[in-house]
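I have placed the structure first, in the form of C-alpha cells, so that the comments after it can refer back to it.
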Amino acid sequence: MIINCIAVDDEPAALNLVSSYINQTPFLQLSAKFNNALDALQHMHANPGLQLIFLDIRMADLNGVELARIIEQSDKRKSLRVIFTTAYDQYALEGFRVDALDYLVKPFSFVDFSKAAAKAYDYFVMMEGNQNPPDRGSPQIDEVKQYVYVKVEHQLVKVEIDDIRYIEGLKDYVKIYLRQAEKPLLTLTSLKKLQEKLPANQFLRLHRSFIVSTSAIKSATKTSVLIGDTTIYVSEQFKESFNEFLSKWVL
Numbered sequence: 001m002i003i004n005c006i007a008v009d010d011e012p013a014a015l016n017l018v019s020s021y022i023n024q025t026p027f028l029q030l031s032a033k034f035n036n037a038l039d040a041l042q043h044m045h046a047n048p049g050l051q052l053i054f055l056d057i058r059m060a061d062l063n064g065v066e067l068a069r070i071i072e073q074s075d076k077r078k079s080l081r082v083i084f085t086t087a088y089d090q091y092a093l094e095g096f097r098v099d100a101l102d103y104l105v106k107p108f109s110f111v112d113f114s115k116a117a118a119k120a121y122d123y124f125v126m127m128e129g130n131q132n133p134p135d136r137g138s139p140q141i142d143e144v145k146q147y148v149y150v151k152v153e154h155q156l157v158k159v160e161i162d163d164i165r166y167i168e169g170l171k172d173y174v175k176i177y178l179r180q181a182e183k184p185l186l187t188l189t190s191l192k193k194l195q196e197k198l199p200a201n202q203f204l205r206l207h208r209s210f211i212v213s214t215s216a217i218k219s220a221t222k223t224s225v226l227i228g229d230t231t232i233y234v235s236e237q238f239k240e241s242f243n244e245f246l247s248k249w250v251l
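This is the structure we're talking about:
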C-alpha cells in the first residue's frame, strides 16, 4: 500500500525536513508541500485521493488545528487523516480532540517520524480491510475483527479484542481494562464511539458507564456480573438486552 500525503509547515527548514523524511519512507508518496494551510485546503478539495497530512499547528491565517477541524467535520474524516508536527506540546490535547493519528513534537528524529508513519500505515490497512465486503460464505466482519486502535497520550495503540475485559466511561474519556495489564488504558473518546468499533456479538452494554466482554464474565446474577474481582451492575436501561444474554447461559 502507498499512502498519498502532503506536508504543511510555514518554516522552510521544517518543511524540507518532513518532506525528506516522507521521501525516505517507502510506503509514503509526497504529492505536494505547502507553507500555509489555505493552499493545503485547496489541494485537499482538488485531490480526493489525498490520505494523509503532516501538519504544523502554529501558522498564519488558518492554523493546523482549524484545518484538522474542517477535515473532522467533512465527509473526509475517515479517508483523510492528520499527523501534527509542532514545536508546542501544549496542543496535544487539542490534537486528540480532532482525532489526529499522532503528534510529533519538534525536533523529532527519523525514528520518531517512522513510528508515526507506521501508525498511519496500520490505520489505512485496517480501513481497507474493513471496507472490503466479505466473500459469500465467509465469516462476517464482526467475527474476524481482531483489534481496534485507540489514542493513549501521544500515540495510537493497537488493542487486541480478546484482551479487553471491560470498559468504563468517564465523561470525555474511557478506561479500557485488559487481561494482560495491571493498569487500564485511558483514552480520549466516548463510550458510544468506542462501542461502535467493537464486535457486537462479543461485547455487552450493561450501564451508561460500562461495556463488558462476554467472554470475561465469570458469573452473573439478575442484576450484575463478576469480571475478575470487579462486580458491575446492570442499569434499568440495559436490562432487556442483559436478560436476553442470560437466557443463552441457562441450561
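Counting in the numbering used here, the sequence shown runs from 1 upward without gaps.
The beta carbon of each residue, even a glycine, is placed where N, CA and C say it ideally should be.
All figures in this text were calculated on a predicted structure; none of them were measured in a lab.
Taking the Cα of residue 13 as reference, the smallest distance to any Cα among 212, 106 and 241 is reached at 106. Residue 235 is a Cβ neighbour of residue 207, given a cutoff of 8 Å. DSSP lists no bridge partner for residue 239.
Between residue 42 and residue 5, the C-beta gap is not smaller than 8 Å, which leaves the two residues out of contact.
Beyond the five residues adjoining it in sequence on each side, residue 121 comes within less than 8 Å, by CB distance, of 1, 3 and 27 in the same chain, given in chain order. By the Cβ-count criterion, residue 210 is buried, with 16 or more other Cβ atoms from all chains shown falling within 10 Å of its own Cβ.
With a cutoff of 8 Å on beta-carbon distance, residue 124 and residue 104 are scored as not near each other. With at least 16 other beta carbons inside 10 angstroms of its own, residue 117 counts as buried. Taking each of 126, 30 and 177 in turn and checking the Cα distance to residue 163, the smallest one comes out for 177. It is roughly 8 Å from the alpha-carbon of residue 222 to the alpha-carbon of residue 243. For the 8 Å CB-CB criterion, residue 59 and residue 10 form a contact. About 6 Å separates the CB atoms of residue 147 and residue 161; that is less than 8 Å, so the two are in contact. When the alpha-carbon of residue 170 is set against those of 127, 188, 16 and 245, the nearest one is in 188. Less than 8 Å separates the beta-carbon of residue 152 from that of residue 185.
Going by beta carbons, residue 16 and residue 31 fall outside the 8 Å limit. The DSSP-derived three-state label of residue 214 is helix.
Counting every other CB atom within 10 Å of its CB across the protein chains shown gives residue 179 a total below 16, marking it as exposed. Nearest neighbour of residue 154 by Cα position, chosen from 102, 70, 24 and 69, turns out to be 102. When DSSP states are grouped into helix, strand and coil, residue 64 belongs to the helix group. Inclusion of residue 127 and residue 149 in the CB contact set at 8 Å is not warranted, their separation being larger than that value. Your pair residue 37 and residue 19 does not check out as a contact, with CB atoms roughly 16 Å apart and the cut at 8 Å. Sorting 229, 227, 220 and 230 by C-alpha distance to the C-alpha of residue 239 places 220 at the top. Taken through DSSP and simplified to helix, strand or coil, residue 55 comes out as strand.
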